[in-house]
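There are 2 protein chains.
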Amino acid sequence: MTKNDKITEDRIFDAATDVFEEQGLSGARMQEIANRAGINKALLHYYYRSKDRLFEAVFNRLAGKMFDRFITALDNEMSLQQKLEHFYHEHITFLQKHPKLPGFVLHEINQNPERLLNAFGNEQLQRIRDNLFAQLDAEIAAGHIAPIDKPQFLANLLALSVFPFAARNMLELVLQDTDFNFDDFINQRKTLLPEFMMNAVRAK
Amino acid sequence: MTKNDKITEDRIFDAATDVFEEQGLSGARMQEIANRAGINKALLHYYYRSKDRLFEAVFNRLAGKMFDRFITALDNEMSLQQKLEHFYHEHITFLQKHPKLPGFVLHEINQNPERLLNAFGNEQLQRIRDNLFAQLDAEIAAGHIAPIDKPQFLANLLALSVFPFAARNMLELVLQDTDFNFDDFINQRKTLLPEFMMNAVRAK
DNA sequence: GTCTATAGAAGGATAGAC
DNA sequence: GTCTATCCTTCTATAGAC
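Sequence order for the protein chains is A and B.
As numbered in this note's numbering, the first sequence has no gaps in its residue numbers, which increase by one up to the final residue, 204.
As numbered in this note's numbering, the second sequence has no gaps in its residue numbers, which increase by one up to the final residue, 408.
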């Protein structure tokens, strides 16, 4: 593979990433991907054979990236409070760089749940889950937090960071004519959410 | 309009609702809508002229329904605690009957934010928002809850109820091999979430 | 109002020259 | 490796019979 190969293949991949993220699989057009990559349609097929294969490559990359971030942000030996601070800071900073990712991944998973299984091995994912759950058990046993259903905790944890990105347009509509500013709003959440979660679950 | 007209038009509308909710605008096929309605493609155009118009009718109906529910569940004179209990019970019960609605509406709004403006007048929406915000101000002034940014409160309120429906497949993957059951999980949230929110914001 | 048949456009994919 | 030209399928939309 020559250097030029690599460049073109990357340009295609990057353009496809943008288009698929914006429009989804069924909404994306090969012509638009070619245009944005600055090449023609035939080359897309030369490198990726079909729209489905190109999509698969992009999806696996993006979904993998997102889950890797969950993992590195959660997999450490901090106390729950520290872990929440670390998680929300890392995770929200990541989503700020990829604001369309949540909506994209959620939509495509709903279209075809099997895709997730191909995107990455789930041993890793389950290890993280078990880690977090063990920590919750320990903190409950130590009396730091109130007994709480662990899946509920996990769902709330993710909902609070992910949802605003997927629902940005809705929020902006509801809050129009106020001084709402999405970027400021998101930055605030990096510190507000750890506090919010801790208050919600702290033992009384 | 004869009785038969109405029946056919409704069958089309219902079939279109199902297909669009599942596959989105770009993923839906007129042929599949016709099949599910038990009529042929030509009739779709006879009644709705084009795919876009049919979609618009369906979207406006669904989005309107969802927002109406927000509104009736929030627009009342209860205390904050009661309001949260009422809201989550009503809203989650509604979403249980329309589990694909959140993913659908979020996706289509991201594709075309203008759609929201046509779906309903926003005076109503803003009235509710202002109501809720006024109540939050009052509860803060009365010392019942800690000072909190109102848009943050609203975002958290919605995130906690809506997100699990949009992310069901993801949750089920992460929690596979546990005794996770989505329906039970959702039912629990009707009572867990009011408590969770109140703990999170209660004055200390 | 409903159907069959088909037009016409759009989009994914390939052939073949360079 | 990259392009132009074109094929072929899919899909929306319409014409016209009943």
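Ideal Cβ placement from N, Cα and C applies to all residues, glycine included.
Practice item. Measuring only between beta-carbons, confirm whether P194 of chain A sits less than 9 Å from chain B. Key: no
Point to revise | Helix, strand or coil at I349 of chain B according to DSSP, with G and I counted as helix | key: Here I349 of chain B sits in strand by DSSP.
Practice item. Taking C-beta pairs closer than 8 Å, name the residues in chain A that F384 of chain B reaches, listed in chain order. Key: Per Cβ cutoff of 8 Å: P151.
Check your understanding: For R49 of chain A, does the three-state DSSP call read helix, strand or coil?
Key -> coil
Practice item. Determine the contact status of N156 of chain A and M198 of chain A, defining contact as a CB-CB distance below 9 Å. Key: no
Check your understanding: Which residue from A:D68, A:G27, A:G121 and A:L25 puts its Cα closest to that of L95 of chain A?
Key -> A:D68
Review point. Under the DSSP definition of a beta bridge, which residues are partnered with R406 of chain B?
Key: B:I349
Check your understanding: Sorted by chain position, which residues of the same chain lie with C-beta nearer than 8 Å to Q339 of chain B's C-beta, five sequence neighbours on each side aside?
Key -> L284 and K287
Check your understanding: Any beta-carbon of chain B closer than 9 Å to the one on H107 of chain A?
Key -> For H107 of chain A, a Cβ of chain B is located within less than 9 Å of the residue's own Cβ.
Check your understanding: On the three-state DSSP scale, how would you describe H302 of chain B?
Key -> Note: H302 of chain B maps to coil in three-state DSSP.
Check your understanding: Under 9 Å, do A370 of chain B and N112 of chain A count as touching if we go by C-beta distance?
Key -> no
Review point. Is the distance from the Cβ of N122 of chain A to the Cβ of L364 of chain B below 9 Å?
Key: no
**Study point:** Closest by C-alpha distance to D410 of chain B, when choosing among B:L336, B:D353, B:L358 and B:I216
**Key:** Here chain B has residues from 205 to 408 only, and residue 410 of chain B is not among them.
Exercise for review: Look at the alpha carbon of S254 of chain B and the alpha carbon of T93 of chain A, and state the distance between them as a whole number of angstroms.
Suggested key: 42 Å
Practice item. Taking a Cβ distance cut-off of 8 Å, strictly less, list which residues of the stretch 314 to 328 of chain B are near chain A, in chain order. Key: N314, Q315, P317, L320, L321 and N326
Practice item. Measure from the C-beta of K190 of chain A to each C-beta in chain B and report whether the shortest distance is under 9 Å. Key: no
Review point. Of the choices B:S230, B:P351, B:H293 and B:Q235, whose alpha-carbon is the least far from that of I390 of chain B?
Key: B:H293
Review point. Grouping DSSP H, G and I as helix and E and B as strand, with all else coil, what is E312 of chain B?
Key: helix
Practice item. Could you tell me if L321 of chain B is buried or exposed, where buried requires 16 or more neighbouring beta carbons within 10 angstroms of its beta carbon? Key: exposed
Practice item. List the residues of chain B that N169 of chain A touches, going by C-beta distances under 9 Å, in chain order. Key: L310, I313, N314, P317 and L320
Review point. Checking contacts by CB at 9 Å: is A338 of chain B closer than that to chain A?
Key: No, no contact with chain A.
Review point. What residues in its chain sit with their C-beta under 7 Å from that of M234 of chain B, if we drop five residues either side in the sequence?
Key: K245, L248 and K255
Check your understanding: Just to confirm, are H86 of chain A and M78 of chain A a CB contact at a threshold of 9 Å?
Key -> yes
Practice item. Could you tell me which of A:I39, A:I71 and A:H98 sits nearest to F20 of chain A, measuring between CA atoms? Key: For the residues A:I39, A:I71 and A:H98, the minimum Cα distance to F20 of chain A belongs to A:H98.
Point to revise | Within 9 Å of chain A by C-beta, residues of the stretch 210 to 233 of chain B in sequence order | key: Cβ contacts with chain A come from E226, Q227, G228, L229, S230, G231 and A232.
Practice item. Measure from the alpha carbon of F120 of chain A to the alpha carbon of each residue in A:R129, A:R11 and A:A63, then state which is nearest. Key: Ranked by how close their Cα comes to the Cα of F120 of chain A, the residues A:R129, A:R11 and A:A63 have A:A63 in first place.
Check your understanding: What is the rounded straight-line gap between the Cα of Q188 of chain A and the Cα of A219 of chain B?
Key -> 43 Å
**Study point:** F182 of chain A and R168 of chain A closer than 9 Å at C-beta
**Key:** yes
Practice item. For N76 of chain A, name the three-state secondary structure that DSSP assigns. Key: coil
Point to revise | Alpha-carbon spacing of M205 of chain B relative to Y250 of chain B, whole angstroms | key: Legend: pLDDT at M205 of chain B = 47, less than 50; position of this residue unreliable, value from coordinates given subsequently. About 14 Å.
Review point. Considering N156 of chain A, what are the terminal residues of the alpha helix (DSSP H) in which it resides?
Key: K150 to A166
Practice item. Closer than 7 Å by C-beta to M66 of chain A: which residues in its own chain qualify, once you throw out the five before and the five after it? Chain order, please. Key: L101 and V105, listed in sequence order.
Check your understanding: Do L379 of chain B and P151 of chain A have their CB atoms nearer than 9 Å?
Key -> yes
Practice item. Starting from I39 of chain A, follow the alpha helix (DSSP H) in both directions and report where the run begins and ends. Key: Note, I39 of chain A: premise wrong, no alpha helix (DSSP H); not H, not E.
**Study point:** Within chain B, partners of I164 of chain A - CB distance below 8 Å
**Key:** It should be noted that the sequence gives Pro, not Ile, for residue 164 of chain A. In chain order: A359 and A363.
Exercise for review: Could you work out which residues of chain A lie near R333 of chain B, taking near to mean beta carbons separated by less than 9 Å?
Suggested key: Under the 9 Å cutoff, chain A gives V174, L175 and T178.
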